[in-house]
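Data block below; observations after.
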Amino acid sequence: GNSVTQMEGPVTLSEEAFLTINCTYTATGYPSLFWYVQYPGEGLQLLLKATKADDKGSNKGFEATYRKETTSFHLEKGSVQVSDSAVYFCALIPADRGSTLGRLYFGRGTQLTVWP
Amino acid sequence: SQTIHQWPATLVQPVGSPLSLECTVEGTSNPNLYWYRQAAGRGLQLLFYSVGIGQISSEVPQNLSASRPQDRQFILSSKKLLLSDSGFYLCAWGNRLGQGSYEQYFGPGTRLTVT
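For the protein sequence lines, the chains are A and B, in the order given. Take the first sequence: its position 8, counted from the start at 1, is 5 in the numbering used here, and no numbers get skipped. Every number in the numbering used here is 57 more than the matching position in the second sequence, counting from 1.
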């Protein structure tokens, strides 16, 4: 079946520290991979995505590379800010050329807190 | 550009009362639409999805129902709320990018507290 596993956290960092949040997935073929971010009291925002192997998604200083060989999509940022404090979700949509469903499978989320 | 609206933003309802949450999408046609619930502890659960008007599929048995009366409108309902229905309800719309890849965007959510 389809599933996503991400590090549970919480992750606590000082401002300007390096961030890595690990994410691995199980799926057949080549799913689309995503990172979403949820700020307190808000809905989920699409942070970045990658739709094929070796693609690198990037946005707002965050990056993640689609690694088929390790079935991973780890989120990284070189220098975090206090404003990056949020919950981060790794997710996938299975590749299914015959389906119009496109449903998301989520990891459980990782709480990130950045201190000044 | 596409936008997705949800209302109300917050809602406090007594046990046994009815529920109606509304979601509308602008700037796209024939989207896939989804209802998720996020309970305390932040896990996301897919409740319903729809690939077209009047076409609703349920992921989990529950006392909630969904309807899609128009192409870009998705409604979540209940005849009698339970305490366990409390949570953060998120609507999303999905877009097929081609070559079997997809993306999905979320609304701002409705915080429901059942008392």
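We put the beta carbon where it would ideally sit given N, CA and C, even for glycine.
In the three-state reduction of the DSSP assignment, Val117(B) falls in the coil class, being assigned neither a helical nor a strand state. The three-state secondary structure of Ser80(A), taken from DSSP, is helix. With a threshold of 8 Å between beta carbons, Val117(B) makes no contact with chain A.
Of all residues in the stretch 100 to 116 of chain B, only Gly100, Leu101, Leu103, Tyr106, Val108 come within less than 7 Å of chain A when Cβ atoms are compared, listed by chain position. Residue-level contact by beta carbon holds for Phe163(B) and chain A, with a gap shorter than 8 Å. Interface criterion met: the Cβ of Lys46(A) is under 8 Å from a Cβ in chain B. Under the Cβ distance rule, Asn89(B) counts among the residues neighbouring chain A, one pair being separated by less than 8 Å. The Cβ neighbour count for Asp142(B), taken over all protein chains shown within 10 Å, is at least 16; the residue is labelled buried.
Taking 7 Å as the cut-off between beta carbons, none of the residues of the stretch 13 to 28 of chain A comes near chain B. The beta carbons of Tyr91(B) and Leu43(A) sit about 14 Å from each other, so the pair does not count as a contact at 8 Å. Phe59(A) is not a Cβ neighbour of Lys46(A), given a cutoff of 8 Å.
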